[in-house]
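What the sequence shown shows, in numbering that gives the first Met the number 0, is residues 0 to 474, in sequence order.
Glycine residues also receive a C-beta, built at the ideal position from the N, C-alpha and C atoms.
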Amino acid sequence: MRQSSLVVIANRLPLDDSAAPDGACEWRRSPGGLASALHAILEQTPATWVGWAGGVGPAPALPDLGSLRLRPVSLTEEELRGYYEGFANSTLWPLYHDAVQQPTFDRGWWETYRAVNQRFAEAAAEVAEPGAAVWVQDYHLQLVPAMLRELRPDLLIGFFLHVPFPPPELYMQLPRRVELLRGMLGADLVGFQREQAAHNVAQLAKKLLEVEATDHAIIVDGRTVRTGAFPVSIDMAEMRALATRPDVVTQARQLRHDLGQPKRVLLSVDRLDWTKGIEHRLTAYRELLRDGFVKVRDTVMVQVAVPSRERVESYRGLRDRIEGEVGRINGEFGRVGEPAIHYLNQPFARAELAALYQTADVMVVTPLRDGMNLVAKEFVAAREDGTGALVLSEFAGAAAELPQAFLVNPHDVDGLKDTLLRAMEADSADLTARMTAMRQHLAGHDIMAWARAYLTALDHTGSLAERLPPLSGRR
Ligand code: ADP
Ligand code: F6P
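As structure tokens, this is what we get:
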């Protein structure tokens, strides 16, 4: 078994067995912030990525992707239900997102979640060189840091949570709250999107584990676990390069033409998830149409909603409701050949997304709660000419970094309507000033800066500096 000095463990590999019908292996850019972020860092990096390859049954044999090795972890049908669809996405995901959807506490799922976490930990233990750094990602694998420490005390273990960490009063609802907290604190460094999360964890550690804790360090079993905020970002260079490619510029022009050359294009791009605030947004837009503030011929809304977690009941219900509402809005306000909303329930290639971002006058990113939201940052990166307005939820992690956006509380439909109108009517000098400031921020805070900041903090003594590719390597 070949071993690596950097091992990343995430629920998903960046491709699955269905992506290679002819035996060839390619990156499958799964929609989702985690895959987008890690893809940018690990492409062409001598590291190993441990993850689920999609599907059920024995893990497929996967060739390397350039210098990146893939180590698939298998799941049975029952494990997929209990671990991924159940505990990860029906218990932790809603609870960590402010319980905007009621979390389900099904006692049957816990044992499966624990067993699958153990399998991931064992797979990582096999492929990590002595003294290697192992970077565990996200809520699917919250028990892995402690399990890995048990198996391989020689490793430097990092954990990064891509989603929000909830306030203590919500976390306290979790039936397995102590095990989950201990699991995460098996790491040497626990990273979050926001400082508030580190504060919440410190409060919980004091209360539940009765240990010493500050917002930056927690003492567990005589070990110091460091904590902190490392806001994740995007591959700014990739998006800028895409956005200036002549075929993408032509495609953006063509899209605008196909949309009927309206005065304004509003765009939203989300995974079809109830955290993304799609229903609130549609309500606001319907009322703007109803009250005559927006006219179909002048303004077009494009809603991209990529399918996600489709076997989970609450996601199926959401899709039905959204499609019903889009149908109602188009039925009531659309004209022949001129729908009020263009709804696209499909994945897009990166270049197509870049063209869509360029086509938009107003990008509407209004999640009810979101760890970061990379779509907002991708839109800014794609606006090389400094035009365009970003309407951004205060409840997205990105809002802390992009205060020049039109910030909005998406729960307040009247406020959302006002903000949409303000963004639509803003003058170009104001928009350019806002966009320029946001682009400057992102230029200094891209995905490589994120990886470097996290890995430097993980390896704070510098013992692994020469062996950690994103620190010693490219760009
Ligand atoms: P989340 O992690 O909750 O899905 P983010 O906004 O942080 O939310 O990340 C979403 C990522 O998925 C972005 O990189 C975005 O470009 C990508 N994405 C969103 N919609 C699509 C789509 N229809 N096709 C392909 N990629 C998509
Ligand atoms: O960014 C949060 C996240 O859960 C990632 O871990 C994941 O890649 C993404 O959303 C998409 O979700 P899923 O892997 O369930 O399709």
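How long is the line joining the alpha carbons of residue i and residue j, rounded to whole angstroms?
i, j, result
"Ala-19", "Arg-327", "Confidence in Ala-19 is poor, its pLDDT being 49 and thus under 50, which makes the residue's placement unreliable; the coordinate value appears in the next sentence. Rounded to whole angstroms, Ala-19 to Arg-327 spans 39 Å at the Cα level."
"Asp-97", "Leu-169", "8 Å"
"Gly-385", "Ala-283", "27 Å"
"Arg-473", "Val-49", "Reliability fails at Arg-473, whose pLDDT of 44 lies under 50, so the model's placement of it is uncertain and the value that follows must be treated cautiously. If I take the Cα positions, the gap works out to 22 Å."
"Ala-436", "Ile-340", "30 Å"
"Arg-280", "Val-99", "15 Å"
"Glu-278", "Pro-59", "38 Å"
"Gly-276", "Arg-118", "35 Å"
"Leu-454", "Asp-153", "17 Å"
"Leu-142", "Arg-181", "8 Å"
"Trp-51", "Thr-418", "41 Å"
"Leu-343", "Arg-148", "44 Å"
"Gln-192", "Phe-159", "8 Å"
"Asp-187", "Leu-155", "7 Å"
"Asp-272", "Thr-103", "16 Å"
"Ala-404", "Gly-221", "44 Å"
"Thr-460", "Gly-130", "13 Å"
"Phe-394", "His-444", "20 Å"
"Lys-262", "Asn-88", "40 Å"
"Val-133", "Gln-195", "25 Å"
Would you grab the beta carbon distance between residue i and residue j for me? Rounded to a whole angstrom, and I think it's under 8 Å.
i, j, result
"Leu-41", "Val-55", "Not quite, the Cβ-Cβ distance comes to about 25 Å (not below 8 Å), so this is no contact."
"Leu-391", "Ala-397", "6 Å"
"Glu-400", "Pro-230", "6 Å"
"Ala-212", "Lys-205", "5 Å"
"Ala-228", "Ala-381", "Incorrect: roughly 26 Å between the Cβ atoms, too far for contact."
"Arg-239", "Glu-383", "6 Å"
"Val-379", "Ser-267", "That pair is no contact at about 15 Å."
"Ser-35", "Leu-355", "Contact flag wrong, Cβ pair sits at about 15 Å."
"Pro-165", "Tyr-95", "5 Å"
Note down, in chain order, each residue of its chain lying with its Cβ closer than 7 Å to the Cβ of residue i, except the 5 sequence neighbours on either side.
i, result
"Pro-468", "Leu-5, Thr-44, Pro-45, Ala-46"
"Trp-109", "Phe-86, Arg-175"
By the 10 Å Cβ neighbour count, where 16 or more other Cβ atoms means buried, how is residue i classified, buried or exposed?
i, result
"Asp-234", "buried"
"Met-171", "exposed"
"Ser-232", "buried"
"Pro-62", "exposed"
"Val-335", "exposed"
"Met-183", "buried"
"Thr-223", "exposed"
"Ala-304", "buried"
"Gln-302", "buried"
"Val-177", "exposed"
"Glu-309", "exposed"
"Asp-297", "exposed"
"Gly-190", "buried"
"Glu-312", "exposed"
"Ala-39", "buried"
"Gln-136", "buried"
Sorted by chain position, which residues of the same chain lie with C-beta nearer than 6 Å to residue i's C-beta, five sequence neighbours on each side aside?
i, result
"Tyr-82", "Thr-111, Tyr-112, Val-115"
"Thr-358", "Ala-251, Leu-254, Arg-255, Val-264"
"Asp-214", "Ala-197, His-198, Ala-201"
"Glu-331", "none"
"Ile-321", "Ile-277"
Consider the C-beta atom of residue i and the heavy atoms of the ligand FAD; say whether any pair is separated by less than 8 Å.
i, result
"Arg-222", "Within the structure as shown, the ligand FAD is missing, the only ligands being the ligand ADP and the ligand F6P."
Can you name, in chain order, every residue of its own chain whose Cβ lies under 8 Å from the Cβ of residue i, other than the five neighbours on each side?
i, result
"Leu-67", "Leu-41, Glu-42, Gln-43, Thr-44, Pro-45, Ala-46, Thr-47, Trp-48"
For residue i, decide whether its Cβ has a neighbour in chain D, counting only Cβ atoms nearer than 9 Å.
i, result
"Asp-413", "Among the chains of the structure shown, chain D does not appear; only one protein chain is present."
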